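Here is the structure we will look at, set down as structure tokens.
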Amino acid sequence: GEDVEQSLFLSVREGDSSVINCTYTDSSSTYLYWYKQEPGAGLQLLTYIFSNMDMKQDQRLTVLLNKKDKHLSLRIADTQTGDSAIYFCAVLTSGSARQLTFGSGTQLTVLP
Amino acid sequence: DAGVIQSPRHEVTEMGQEVTLRCKPISGHDYLFWYRQTMMRGLELLIYFNNNVPIDDSGMPEDRFSAKMPNASFSTLKIQPSEPRDSAVYFCASSPDSSPRGAEAFFGQGTRLTVV
Numbered sequence: 001g002e003d004v005e006q007s008l009f010l011s012v013r014e015g016d017s018s019v020i021n022c023t024y025t026d027s028s029s030t031y032l033y034w035y036k037q038e039p040g041a042g043l044q045l046l047t048y049i050f051s052n053m054d055m056k057q058d059q060r061l062t063v064l065l066n067k068k069d070k071h072l073s074l075r076i077a078d079t080q081t082g083d084s085a086i087y088f089c090a091v092l093t094s095g096s097a098r099q100l101t102f103g104s105g106t107q108l109t110v111l112p
Numbered sequence: 113d114a115g116v117i118q119s120p121r122h123e124v125t126e127m128g129q130e131v132t133l134r135c136k137p138i139s140g141h142d143y144l145f146w147y148r149q150t151m152m153r154g155l156e157l158l159i160y161f162n163n164n165v166p167i168d169d170s171g172m173p174e175d176r177f178s179a180k181m182p183n184a185s186f187s188t189l190k191i192q193p194s195e196p197r198d199s200a201v202y203f204c205a206s207s208p209d210s211s212p213r214g215a216e217a218f219f220g221q222g223t224r225l226t227v228v
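Top line first, the protein sequences correspond to chains E and X. For the record, in the first sequence the residue sitting at position 106 is 106 according to the numbering used here, with numbers rising by one throughout. Position in the second sequence (from 1) plus 112 gives the number in the numbering used here.
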């Protein structure tokens, strides 16, 4: 089955850019997502990208998809303290109905 | 819509007791998912339903866990008997049958379960 991996921790200074990385194994992945989880809350969809795209930009967020290397990244420009949270990469694989495979999550800490 | 609603938000119970977690999905969503989140294992899919029918329960840890969806607006996850290792945050999520965003899942706030 699909395997999705992320690094566990990332620390950045306020105002810098953050880049959170994710790798996956199944080349038939169709949709790829980034979710954000704030303390004590559920996961909220931040952004997504369809597999026929290489890049998607949404305000401060930039998603890059390298299908050859099965690598997905989320860049947050001008990172703010409110961006501190856990970020999950999730992948929908063709043929898996609606079942998403989630990574372990990356804890982003923004330092003042 | 109020989003996915889970109850209770927090549950503390003694080992051996029965625990029932509840979920109300977003109206019109055909898919409902139960996840468990722990520090050690991250986010695990336990079971999911499509149109109230269980589709894949391969993530349910053992027979002590059971889930039902008697109608489109309500689902329960039951643990009987509960054990300390069941302590986790349990999330319910729902998803529409079709969406321009593929399989976008909407999550509830979660139930934090502590078994002592």
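Every residue gets a Cβ at the ideal spot worked out from N, C-alpha and C, and that includes glycine. Note that the structure is a prediction, hence the values are computed from the model and not measured.
Each of E:C89, E:T93, E:L61 was checked against the Cα of G105 (chain E), and the nearest Cα belongs to E:C89. Ranked by how close their Cα comes to the Cα of S28 (chain E), the residues E:K56, E:K68, E:P112 have E:K68 in first place. Three or more Cβ pairs closer than 8 Å define a contact, and the region 118-126 of chain X falls short of that threshold against the region 44-64 of chain E. Under a 10 Å Cβ-count criterion, P39 (chain E) is classified as exposed, with fewer than 16 other Cβ atoms of the shown protein chains found around its own Cβ.
The beta carbon of F203 (chain X) falls within 8 Å of a beta carbon belonging to chain E, placing the residue at that interface. F177 (chain X) is positioned such that its CB atom lies closer than 8 Å to that of I191 (chain X).
Here the alpha carbons of G171 (chain X) and S94 (chain E) stand approximately 20 Å from one another.
Listed as beta-bridge partners of H122 (chain X) by DSSP are X:R224. For a cut-off of 8 Å, the C-beta gap from A200 (chain X) to G220 (chain X) is around 14 Å, too long to register as a contact. Classified as exposed, H71 (chain E) has fewer than 16 neighbouring CB atoms from the shown chains inside 10 Å of its CB. If you look at T62 (chain E), you'll find it in the beta strand (DSSP E) that goes 61-66.
Shown here, D198 (chain X) sits in a helix according to DSSP, grouped into three states. Of the residues assessed, H141 (chain X) falls on the buried side of the cut-off, its CB having 16 or more other CB atoms within 10 angstroms. In the three-state reduction of the DSSP assignment, G82 (chain E) falls in the helix class, which pools H, G and I. In the DSSP assignment, P182 (chain X) falls within the unbroken beta strand (DSSP E) covering 177-183. In this structure M152 (chain X) is exposed. Its beta-carbon is surrounded by fewer than 16 other beta-carbon atoms within 10 angstroms.
Taking C-beta atoms as the reference points, Q149 (chain X) and F186 (chain X) fail to come closer than 8 Å.
Apart from sequence neighbours up to five positions away, the residues of its chain that approach P208 (chain X) with a beta-carbon distance below 6 Å are H141, ordered along the chain.
Per DSSP, reduced to three states, the secondary structure at G15 (chain E) is coil, with no helix or strand assignment. The contact set of E123 (chain X) on chain E, defined by CB atoms closer than 8 Å, is empty, because the minimum CB distance reaches about 15 Å.
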